[in-house]
Amino acid sequence: GNSVTQMEGPVTLSEEAFLTINCTYTATGYPSLFWYVQYPGEGLQLLLKATKADDKGSNKGFEATYRKETTSFHLEKGSVQVSDSAVYFCALSDLGTGGGNKLTFGTGTQLKVEL
Amino acid sequence: GAVVSQHPSWVICKSGTSVKIECRSLDFQATTMFWYRQFPKQSLMLMATSNEGSKATYEQGVEKDKFLINHASLTLSTLTVTSAHPEDSSFYICSAKTGGGQPQHFGDGTRLSIL
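Protein chains in written order, with this note's numbering: chain A, 1127 to 1241; chain B, 6 to 120.
What follows is the structure in structure tokens.
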């Protein structure tokens, strides 16, 4: 079955530091990959996505590249801000299952950015 | 665009009562809606998938008689937790999507506390 593995948190960084949150996946077929962000007490917001191998998703300074050879979709940002503090979820959607594009989520990684 | 509204955002009620949570897509037609449950500091667990006008498809281990889902229109789905008990206390999140490979858009969640 499908699965997503994320690095455990919390990740604590100083403002303007470089961020990497690792994500690897296992899937049948050719999944689409997503990063979602959840701020305290809120639902999830789509941060970025990639639908095929070698695609790079990017948004708000975050980026992730769909690496089929390593089955990875690591999230990166060159310079984090305090406002980036949140929980980040990696997810995949296997279009081939006919299951209405269900998402499989990783366990989430909490990011804390300090001044 | 792609706004999903969830109501109420927080509800506290006595054990044994039933609670209804609404999920609305405000600016698009949602052919498919999903209901998730999230425990503190954990990932989202998919409870069920509903397509407009059809019965919901429940994930293994989710009691369909306990969690009633109705998706009567392209912009509204409801989750009713029947005869709620303290163990049903959780954060419930809905998402909605149009057809094909479009991403899910999430509501802000409902925090349910059963006393």
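Heads up, the beta-carbon is just placed ideally off N, CA and C, and yes, glycines get one too.
Where residue i meets chain A, residues with beta-carbon distance less than 7 Å
i: glycine 112 (chain B); result: Gly1169
CB contact flag (residue i, residue j, <8 Å)
i: serine 82 (chain B); j: serine 55 (chain B); result: yes
i: isoleucine 119 (chain B); j: aspartate 93 (chain B); result: yes
i: glutamate 64 (chain B); j: leucine 79 (chain B); result: no
i: threonine 1235 (chain A); j: glutamine 1171 (chain A); result: no
i: valine 9 (chain B); j: histidine 76 (chain B); result: no
i: leucine 1174 (chain A); j: alanine 1212 (chain A); result: no
Contacts of residue i in chain A (Cβ-Cβ under 8 Å)
i: lysine 26 (chain B); result: Note that residue 26 (chain B) is isoleucine in the sequence shown here, rather than lysine. Residues of chain A passing the Cβ test: none, with the nearest at roughly 12 Å.
i: serine 48 (chain B); result: Phe1215, Phe1231, Gly1232, Thr1233 and Gly1234
Own chain partners of residue i with C-beta closer than 8 Å, once the 5 adjacent residues on each side are dropped
i: serine 14 (chain B); result: Asp113, Gly114, Thr115 and Arg116
i: asparagine 1128 (chain A); result: Tyr1151, Thr1152, Ala1153, Thr1154, Pro1157, Leu1218, Asp1220 and Thr1230
i: glutamate 1240 (chain A); result: Thr1138, Leu1139, Ser1140, Glu1141 and Val1208
i: leucine 31 (chain B); result: Val8, Val9, Ser10 and Thr80
Closest residue to residue i among the options (Cα-Cα distance)
i: glycine 1183 (chain A); options: A:Leu1139, A:Ala1143, A:Ser1140 and A:His1200; result: A:His1200
i: glutamine 11 (chain B); options: B:Pro45, B:Lys19 and B:Trp40; result: B:Trp40
i: threonine 85 (chain B); options: B:Thr37, B:Ser95, B:Phe72 and B:Ala35; result: B:Phe72
Cβ-based neighbour list, residue i, same chain, cut-off 6 Å, excluding 5 preceding and 5 following
i: glutamate 1142 (chain A); result: Ser1205
i: alanine 1176 (chain A); result: Leu1159, Gly1183 and Tyr1192
Under 8 Å from the C-beta of residue i: neighbouring residues of chain B
i: phenylalanine 1160 (chain A); result: Pro108
Per-residue contacts from residue i into chain A (C-beta, under 9 Å)
i: glutamine 11 (chain B); result: Gly1169
Partner residues on chain B for residue i, Cβ-Cβ distance less than 7 Å
i: lysine 1228 (chain A); result: Leu51 and Thr54
Listed by chain order, chain B residues near residue i by CB distance under 9 Å
i: leucine 1172 (chain A); result: Ala7, Pro108, Gln109, His110 and Phe111
Residues of the segment 1185 to 1201 of chain A with Cβ closer than 8 Å to any Cβ of chain B, in chain order: none
Interface positions of the segment 77 to 98 of chain B facing chain A (Cβ-Cβ less than 8 Å), listed along the chain: Ile98
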